[in-house]
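**Q** Protein chains in written order, with the numbering used here: chain A, 103 to 285; chain B, 18 to 614. Cβ atoms here follow ideal geometry from the backbone N, Cα and C, with glycine treated the same way.
1. Mind checking which residues open and close the alpha helix (DSSP H) that includes residue 243 of chain A?
2. Please check if any C-beta of chain B sits within less than 8 Å of the C-beta of residue 276 of chain A.
3. Which one or two residues does DSSP pair with residue 531 of chain B in a beta bridge?
4. Reducing DSSP to helix, strand and coil, say where residue 32 of chain B ends up.
5. Output the distance between the C-alpha atoms of residue 172 of chain A and residue 212 of chain A, rounded to the nearest integer angstrom.
6. Out of B:528, B:367, B:520, B:21, point me to the one whose CA is closest to residue 543 of chain B's CA.
7. Quick one: what does DSSP say residue 404 of chain B is sitting in, helix, strand or coil?
8. Could you tell me the distance, in whole angstroms, from the CA atom of residue 518 of chain B to the CA atom of residue 400 of chain B?
9. Quick one: any contact between the stretch 114-123 of chain B and the stretch 136-149 of chain A, if contact means 3 or more CB pairs under 8 Å?
10. Smallest Cα separation from residue 469 of chain B: which of B:511, B:150, B:510, B:589?
11. What residues in its chain sit with their C-beta under 8 Å from that of residue 247 of chain A, if we drop five residues either side in the sequence?
12. Starting from residue 190 of chain B, find everything on chain A with Cβ-Cβ shorter than 8 Å and list it in chain order.
13. Would residue 44 of chain B be called buried (16 or more neighbouring beta carbons within 10 Å of its own) or exposed?
14. Can you tell me the Cβ-Cβ gap for residue 554 of chain B and residue 406 of chain B, rounded? I've got them flagged as a contact below 8 Å.
15. Could you check what DSSP says for residue 76 of chain B in three-state terms: helix, strand or coil?
16. For residue 507 of chain B and residue 318 of chain B, what's the separation of their Cα atoms in angstroms?
17. Starting from residue 317 of chain B, follow its DSSP beta bridges and name the residues at the other end.
18. Bridge partners of residue 113 of chain B, per DSSP?
19. Should residue 558 of chain B and residue 538 of chain B be called a contact, given that it needs their Cβ atoms to be closer than 8 Å?
20. What does the alpha-carbon distance come out to for the pair residue 129 of chain B and residue 204 of chain B?
21. Could you work out which residue in B:383, B:386, B:363 is closest to residue 637 of chain B when comparing CA atoms only?
22. Thinking just about the alpha-carbon of each residue, which of B:287, B:393, B:423 is nearest to the one in residue 173 of chain B?
23. Within its chain, find whatever has a CB closer than 8 Å to the CB of residue 204 of chain A; leave out the 5 residues flanking it on each side and keep chain order.
24. Three or more C-beta pairs under 8 Å: does that hold for the stretch 231-240 of chain B against the stretch 138-147 of chain B?
25. Would you mind sorting residue 580 of chain B into buried or exposed? The rule is 16 or more other CB atoms within 10 Å of its CB.
26. Return the first residue and the last residue of the beta strand (DSSP E) that residue 323 of chain B is part of.
27. Residue 164 of chain B: buried (16+ other C-beta within 10 angstroms of its C-beta) or exposed?
28. Skipping 5 residues on each side, what residues in its chain have a beta carbon closer than 7 Å to that of residue 421 of chain B?
29. Along the chain, which unbroken stretches of the alpha helix (DSSP H) at least 4 residues long are found entirely within the stretch 344-376 of chain B?
30. Can you tell me the Cα-Cα spacing of residue 52 of chain B and residue 392 of chain B, whole angstroms?
31. Could you tell me which chain A residues have their CB closer than 8 Å to the CB of residue 119 of chain B, listed as they occur along the chain?
32. Could you tell me which residues DSSP puts in a beta bridge with residue 219 of chain A?
33. In this structure, what does DSSP give as the bridge partners for residue 108 of chain A?
34. Does DSSP put residue 492 of chain B in a helix, in a strand, or in coil?
35. So which of B:245, B:104, B:446 has the shortest CA-CA distance to residue 529 of chain B?
36. Could you check if residue 25 of chain B is buried or exposed, using at least 16 other CB atoms within 10 Å of its CB as the buried criterion?
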């Protein structure tokens with residue numbers, strides 16, 4: 103039973119990068135059994151379909167416009183997930199991801215378990231910015247919520263004691279991205 | 018305005034009804050098109066605008082040039098690898114780094130993988146539904162569908178039972194009300210011409226192409242370490258080759274190479290036995306729909322791609338040659354130089370940017386990206402809810418790139434026209450074979466369908482070339498050459514105080530260039546001119562219209578409230594506004610107001 107933990111969004115657009123930063127942190131902190139794949143999906147839209155179709159369980163981390171107070175965290179399960187992704191699109195990648203789920207369903211490969219952990223963004227239009235403070239402050243909570251969700255699926259994540267191979271090119275890792283040299 | 022003649026030879030008339038299509042992309046990006054139609058519903062004026070602001074330039078200033086590729090690959094959802102590759106080429110050019118032959122071959126394989134994947138996904142998942150009526154497929158006879166499929170291809174999945182199963186699957190999906198990828202389409206529109214059996218065959222292959230996607234991307238993981246977001250490096254490719262190894266983490270061994278070889282075989286079979294026959298079958302029903310040619314019969318531009326030998330960018334060394342064709346004169350192909358300040362220039366007279374002198378264009382090395390959101394006097398609506406743009410003023414977040422002052426089309430059709438004019442034997446044979454099979458003259462290429470056909474032929478060409486490049490890599494490895502990167506100039510201490518470079522290439526959707534200026538080991542200026550900026554370009558100071566605008570003119574619409582014809586032509590360019598520009602509004606009706614850093 104393959105499980106996919108997928109962070110989506112764009113780290114170049116402030117809180118849009120939340121999902122990507124959350125899986126980055128999850129991967130740094132926890133080791134998973136081999137049947138679990140943690141992936142930085144970026145904004146690849148339909149090109150994520152091959153990943154999604156291979157998964158029996160899918161946990162998505164993303165910035166979502168729920169209409170909540172900024173930086174509120176929400177967990178949505180099952181049928182509600184595509185609806186939330188489509189209701190108020192924070193950005194174009196969500197149009198793409200809603201299509202991914204629909205295409206997976208058409209292909210008969212919709213993951214049987216589907217959970218979305220989302221945060222209400224504060225700012226999206228700060229191009230070149232990073233996560234806002236209130237949203238960044240939710241990272242720990244979301245990583246722990248992801249771990250709890252996976253435990254509920256019978257998966258036992260382990261705290262890491264050494265650094266893992268990176269999930270995505272390290273040039274764009276959060277610390278490198280925020281610690282720019284120009285001053 | 019009423020009637021006006023543009024310097025590039027088009028007649029515009031804005032006196033008729035205005036039709037606004039927003040957004041126009043089925044999946045990626047955010048593009049808006051406004052047209053005026055006459056009393057016969059023929060398009061007489063076209064306005065293309067990107068509703069987002071672009072500025073990777075600003076974000077890269079002050080950063081390490083060796084990291085730029087990782088940033089640029091985040092500016093677009095679908096051409097990640099292409100931006101990364103062109104970025105490392107720009108840095109290598111600036112620093113005079115020559116890459117090893119194997120790195121060149123592996124980069125070619127990465128790019129060809131991208132071509133195969135992008136072109137397939139484009140045809141089946143982003144564009145097919147402009148020609149194929151899914152609802153009509155539900156009424157098809159599976160037996161006749163099977164006969165049709167078997168008459169055009171030896172592809173084994175073609176039994177009556179197979180098509181019946183597909184039909185039932187789609188029926189259940191449609192009845193469940195979750196139309197997903199099939200929503201927002203104009204089912205039953207009079208512009209759909211395929212009989213139900215051809216529709217069913219195409220829908221079946223739509224589903225098979227979804228399956229095929231799973232395989233092809235594995236090549237990126239082998240050579241780039243992972244997919245999505247594979248690794249790249251200035252100086253070569255960051256993958257070790259160790260064929261004797263049983264499978265050390267990350268190294269390329271024989272088992273992985275064999276997997277790549279098998280995927281290449283599958284790609285060739287799928288493209289030649291499914292994609293190309295489908296393309297011909299669909300085109301045969303639309304032979305009289307010859308609209309959408311636009312600039313393709315006049316001005317085409319290619320930077321070229323797939324160097325055979327490493328570090329040689331002469332057009333003769335490129336499998337897809339570089340060049341510019343002007344005024345439809347195929348007897349003369351002009352050489353293209355990304356570094357010549359007279360050739361590529363971007364204008365902003367009709368773009369939401371500010372230049373000191375907006376009558377002039379700027380070469381990307383001198384490029385300026387300073388937003389200036391102001392609307393023309395005849396704009397209808399408000400700044401946050403524009404009902405109709407005023408194209409006499411500024412009207413797009415895209416700049417207007419020009420080659421020696423000319424508006425150009427880029428993309429598969431432009432590449433094929435340049436290759437044809439360069440006398441490329443294989444491509445000429447492909448094009449002539451297709452035209453012969455369809456009984457069409459060469460002028461039929463200059464159309465929306467010609468663009469779609471060129472993409473299919475190119476997909477096949479790239480897949481076969483992948484086989485050659487793969488065999489070349491294996492031969493080099495067997496001969497003992499396992500070098501994949503040249504790290505001699507990796508250390509910034511070895512760099513000059515100041516350096517400029519340009520990296521060019523061909524993204525699946527068209528010519529892509531990155532220009533870098535390095536000062537004291539950091540990025541002083543970085544500009545990217547992406548394919549959709551060329552094609553979706555607004556007017557320039559002289560009033561020349563861009564490729565989308567030209568392609569839409571004179572197209573008759575069956576029903577302007579259901580603009581299928583517009584979608585067809587715009588989708589044929591494979592638009593990618595996600596990278597032409599960046600920040601979109603949270604609500605489709607509003608323009609984003611962007612904070613500049």
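**A** So, from the data block:
1. Your numbering for residue 243 of chain A matches position 141 in the first chain. Segment 241-254, the alpha helix (DSSP H) holding residue 243 of chain A.
2. In the first chain, residue 276 of chain A corresponds to position 174, counting from 1. With 8 Å as the cut-off, residue 276 of chain A does not count as an interface residue toward chain B.
3. Looking up residue 531 of chain B in the second chain gives position 514. In the DSSP output, where bridge partners are listed per residue, residue 531 of chain B has B:520, B:545.
4. Here the question's residue 32 of chain B lines up with position 15 in the second chain. Here residue 32 of chain B sits in coil by DSSP.
5. Position 70 of the first chain, counted from the first residue, corresponds to residue 172 of chain A. Position 110 of the first chain, counted from the first residue, corresponds to residue 212 of chain A. Straight-line measurement puts the Cα of residue 212 of chain A at about 31 Å from the Cα of residue 172 of chain A.
6. The sequence position of residue 543 of chain B within the second chain is 526, counting from 1. Comparing Cα-Cα distances from residue 543 of chain B to each of B:528, B:367, B:520, B:21, the minimum goes to B:520.
7. Counting from 1 along the second chain, the entry for residue 404 of chain B is found at position 387. Correct three-state label for residue 404 of chain B: strand.
8. Here residue 518 of chain B refers to the residue found at position 501 when the second chain is read from its first residue. Here residue 400 of chain B refers to the residue found at position 383 when the second chain is read from its first residue. Straight-line spacing of the CA atoms in residue 518 of chain B and residue 400 of chain B works out to 38 Å.
9. No, the stretch 114-123 of chain B is not in contact with the stretch 136-149 of chain A.
10. Start at 1 with the first residue of the second chain, and residue 469 of chain B comes out as number 452. Nearest option by C-alpha distance: B:589.
11. In the first chain, residue 247 of chain A corresponds to position 145, counting from 1. Non-local beta-carbon contacts of residue 247 of chain A in its own chain, meaning distances under 8 Å to residues more than five positions away in sequence, involve 175, 177, 219 in chain order.
12. Position 173 of the second chain, counting from 1, holds the residue named residue 190 of chain B. What residue 190 of chain B touches in chain A: 207, 208.
13. The residue you call residue 44 of chain B lines up with position 27 of the second chain. Only weak support is given to the placement of residue 44 of chain B: the predicted model assigns it a pLDDT of 36, under 50, and the question is left unresolved by the model.
14. Stepping through the second chain from its first residue, residue 554 of chain B is reached at position 537. Stepping through the second chain from its first residue, residue 406 of chain B is reached at position 389. Between residue 406 of chain B and residue 554 of chain B the Cβ distance is about 15 Å, and since that is not below 8 Å, they are no contact.
15. The residue labelled residue 76 of chain B in the question sits at position 59 within the second chain. Under the three-state reduction of DSSP output, residue 76 of chain B falls in the helix class.
16. Here residue 507 of chain B refers to the residue found at position 490 when the second chain is read from its first residue. Here residue 318 of chain B refers to the residue found at position 301 when the second chain is read from its first residue. Straight-line Cα distance between these residues: approximately 33 Å.
17. Translated into positions along the second chain, residue 317 of chain B becomes position 300. B:342, B:426, per the DSSP bridge assignment.
18. In the second chain, the residue the question calls residue 113 of chain B occupies position 96. According to DSSP, which records beta bridges pairwise, residue 113 of chain B is partnered with nothing at all.
19. What you label residue 558 of chain B is simply residue 541 of the second chain in a count that begins at 1. What you label residue 538 of chain B is simply residue 521 of the second chain in a count that begins at 1. Cβ atoms of residue 558 of chain B and residue 538 of chain B: not closer than 8 Å.
20. Locating residue 129 of chain B in the second chain gives position 112, counting from the first residue. Locating residue 204 of chain B in the second chain gives position 187, counting from the first residue. So the two alpha carbons sit approximately 34 Å from each other.
21. Since the displayed chain B opens at 18 and closes at 614, residue 637 of chain B lies outside it and no answer follows.
22. The count along the second chain starts at 1 and reaches residue 173 of chain B at position 156. Ranking B:287, B:393, B:423 by Cα distance to residue 173 of chain B puts B:287 first.
23. Here the question's residue 204 of chain A lines up with position 102 in the first chain. Excluding its 5 nearest sequence neighbours in each direction, residue 204 of chain A has C-beta neighbours in its own chain below 8 Å: 184, listed in chain order.
24. No, the stretch 231-240 of chain B is not in contact with the stretch 138-147 of chain B.
25. By 1-based counting over the second chain, the position of residue 580 of chain B is 563. When all chains shown are included, residue 580 of chain B counts as buried.
26. Residue mapping note: residue 323 of chain B aligns to position 306 of the second chain, counting from 1. Start and end: 322-324.
27. Your numbering for residue 164 of chain B matches position 147 in the second chain. Result: exposed.
28. Working through the second chain from its first residue, we reach residue 421 of chain B at position 404. Take residue 421 of chain B, set aside five residues on each side of it, and the residues of its chain with a beta-carbon closer than 7 Å to its own are 359, 360, in chain order.
29. The qualifying runs do not exist here; there are none.
30. On the second chain, position 35 is the one that residue 52 of chain B refers to. On the second chain, position 375 is the one that residue 392 of chain B refers to. Rounded to whole angstroms, residue 52 of chain B to residue 392 of chain B spans 18 Å at the Cα level.
31. What you label residue 119 of chain B is simply residue 102 of the second chain in a count that begins at 1. Correct list: empty, because the minimum Cβ distance to chain A is about 21 Å.
32. For the purposes of this step, residue 219 of chain A is taken as residue 117 along the first chain, with counting starting at 1. A:163, A:177.
33. The residue given as residue 108 of chain A occupies position 6 in the first chain. DSSP output for residue 108 of chain A lists A:141, A:162 as bridge partner(s).
34. The residue you call residue 492 of chain B lines up with position 475 of the second chain. Residue 492 of chain B falls in the helix class under three-state DSSP.
35. Counting from one through the second chain, the residue named residue 529 of chain B turns up at place 512. The candidate whose alpha carbon is nearest that of residue 529 of chain B is B:104.
36. As a first step, residue 25 of chain B is located in the second chain; it is residue number 8 there, counting from the start. Buried.
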